[in-house]
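If you read the protein sequences in the order shown, they are chains U and L. Residue 185, in the numbering used here, is where the first sequence stops; the numbers in between run on with no holes. Residue 1185, in the numbering used here, is where the second sequence stops; the numbers in between run on with no holes. Ideal placement from N, C-alpha and C gives every residue a C-beta, glycine not left out.
Number of protein chains: 2
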Amino acid sequence: MTSSHRESPTGPAETPDGADVDYWSFVDYFAKNAGRNMPWLDTDAAEFFMTLHRAFELIVYDIRGELDQRMSSAALRALLVLTTVGPSTLLRVAELTGMSRAAASALLKRLESDGLVSRQPSADDGRSIVVAATPEGKVACDEAYRDYNAREAFWHDRLDPEEAETMKRALSRLAASVSEIRRRS
Amino acid sequence: MTSSHRESPTGPAETPDGADVDYWSFVDYFAKNAGRNMPWLDTDAAEFFMTLHRAFELIVYDIRGELDQRMSSAALRALLVLTTVGPSTLLRVAELTGMSRAAASALLKRLESDGLVSRQPSADDGRSIVVAATPEGKVACDEAYRDYNAREAFWHDRLDPEEAETMKRALSRLAASVSEIRRRS
DNA sequence: GCCATATAGTCAACACATTGACTAAACTTG
DNA sequence: CAAGTTTAGTCAATGTGTTGACTATATGGC
């Protein structure tokens, strides 16, 4: 963020032309300048969500790097669901991971062919198939998630416990509110 | 979250079997139960990032709904970059929006055919093309972002100013740290 | 029991994004 | 200035997601 050149003779420009801006510092640049073009803008809200979005993207990208070529993050999510709630129908996996039925269908088929999950027709409901993590699936999940979680811990440790608590509380409140508001509409 | 049936005769189960869990409440369920299978787990870190991830996904999905069929969120990002920093090379758009050059190339071509941006060969550098938002592009961006930002404000207003400030500060610190750590490796 | 309706999973069509190879235009360094 | 290297943009291949149509099975009212 050293603004090297491109300063007016009278000192640093008040409205930099964005030459030194990068992905992350664009948040700041936008917050300072966007109000000029868009007087209706709620700058605080825009800056808040842009910060959330970009910071989160950077951090999650870093954490995801731990998975490397082992498995996709969607696969990890599915396996974590299966290992914590136990064997579940495809629909349930879709709901708990947040993906569509079609995506879950495709993913679980891939995971089956990799030997990480088993798919059995349900005894209770002829339409359902019950998916379960195989022993190999459990091992793969364990190994991948171990490194993934270690990297989560690496970042989490860089927050004050109080900061982390505040963030969790605030986001939980909003998330609960989303579900509630959605339910009404 | 009413746990209707499936309670042991002696009262609510201490370790629910997950029958009533949904996408959001899975965070809680996971935090309470995953440690059993994975004793090495940093539960706080896992819960923190799962909360962040899922809450953010829910909220962003809601906000994105304001764009509806008007434009993709990638298109909005690109147009916001172009309208705030002004005409830029394709590479610069890619950097500031966080997409790959190939993705930017495809997106900007689409936007050009929709009449929202113009693409001119650069006078300075024969390899570059300079992209600018057209008047129609500025209008489309303005209209779409107005509603988008209103929805951002809707959620932002549901946070204490102090909570929002804490979150911004904490995430900014981590994001800066990501760039720094990445630069070293 | 039968028929209308809803639900679980799959499939096909489409929408993007990523990676890596490729082309053309810059630089760089003797 | 010529040869090698880097850089900007594009293209093709691939991966993975969504939506909506479709099939087979359940369910509920009569």
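Any Cβ of chain U closer than 8 Å to the Cβ of I1059/L would place that residue at the interface, and such an atom is present. In the three-state DSSP reduction, P1135/L falls in the helix class (H, G or I). A distance of 8 Å or more separates the beta carbons of E66/U and A1045/L. The segment 1155-1164 of chain L makes no contact with the segment 1137-1145 of chain L, as fewer than three CB pairs between them are under 8 Å.
Residue environment: E136/U is assigned as exposed (fewer than 16 neighbouring CB atoms within 10 Å of its CB, all protein chains considered). L1058/L and T1084/L have their C-alpha atoms spaced approximately 28 Å apart. By alpha-carbon distance to H1156/L, the top candidate from R173/U, Q69/U, T89/U and A94/U is R173/U.
Residue contact check for V1117/L against chain U: no CB pair falls below 8 Å. Taking C-beta atoms under 8 Å as the contact rule, A1104/L and L1090/L qualify, at a distance of about 5 Å. Here DSSP, grouped into helix, strand and coil, assigns R1119/L to strand. Interface criterion not met: the Cβ of E1143/L is under 8 Å from no Cβ in chain U. Excluding sequence positions up to five before and after S118/U, its CB lies within less than 6 Å of the CB of A132 and T134, all in the same chain and listed in chain order. DSSP, reduced to helix, strand and coil, places V21/U outside both helices and strands of the structure shown, so it counts as coil. DSSP places E1047/L inside the alpha helix (DSSP H), whose first and last residues are T1043 to R1064. A straight line joining the alpha-carbon of L1096/L with that of D28/U spans about 12 Å. When DSSP reads this structure, I1129/L sits in a beta bridge with P1121/L. Neighbours of E112/U in chain L, taken as residues at a C-beta separation under 7 Å, are lacking, since the least C-beta distance is about 21 Å. Boundaries cannot be given for G1098/L, as no alpha helix (DSSP H) includes it and DSSP labels it neither H nor E.
According to DSSP, T166/U shares a beta bridge with no other residue. By DSSP's assignment, S88/U forms a beta bridge with V131/U. Within the model, the alpha-carbon separation for V1093/L versus L171/U is close to 30 Å.
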